[in-house]
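All residue numbers for the sequence shown refer to my numbering, where the first residue is 9 and numbers rise by one. Taking it in order: structure first as structure tokens, then the write-up.
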Amino acid sequence: MLAFSAHLGLVNGREAKPHSRPSMVQKNWLHVCGGFLISDEFVLSAAHCPENSEILTVVVGTHDLKNKIEGSVGFGVNKMFICYLNNINNCLN
């Protein structure tokens, strides 16, 4: 019998060097689900991350979200595009 377990977190990871990932973004000032700036207007994240775009903020320019003087900036989200192939039940995107 085969057992399968989906790891929905960081496994054996290391903290990145401060500001070594300048295009990394966080949502709503929390590290719940991240994404990357892929242009000056668009953020790409996993399809299981979205929530209501009216209350969504992306945060750029920070390494430590607890450090409020680090120079991070939050931006509101106007519109989200969700891939129709996303299946939240099995975490396949």
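For each residue, glycine too, the CB sits at the ideal point set by N, CA and C.
Leaving out the 5 sequence neighbours to the left and right, which residues in its chain are closer than 6 Å to residue i when beta-carbon positions are compared?
{"i": "G82", "result": "T65, V67"}
{"i": "N86", "result": "none"}
{"i": "P26", "result": "H71"}
{"i": "G21", "result": "none"}
If you follow the beta strand (DSSP E) that residue i is in, where does it begin and where does it stop?
{"i": "G84", "result": "81 to 84"}
{"i": "T70", "result": "Unbroken run through T70: none, as it is neither H nor E."}
{"i": "L52", "result": "51 to 53"}
Hey, residue i and residue j: beta-carbon distance below 8 Å or not?
{"i": "F50", "j": "V33", "result": "no"}
For residue i, collect the residues of the same chain with a Cβ closer than 7 Å to its Cβ; drop the 5 residues on either side in sequence, then sort them by chain order.
{"i": "G84", "result": "T65"}
{"i": "D48", "result": "none"}
Roughly how far, in whole angstroms, is the beta-carbon of residue i from the beta-carbon of residue j, given that I think they are within contact range, below 8 Å?
{"i": "G42", "j": "S28", "result": "That pair is no contact at about 14 Å."}
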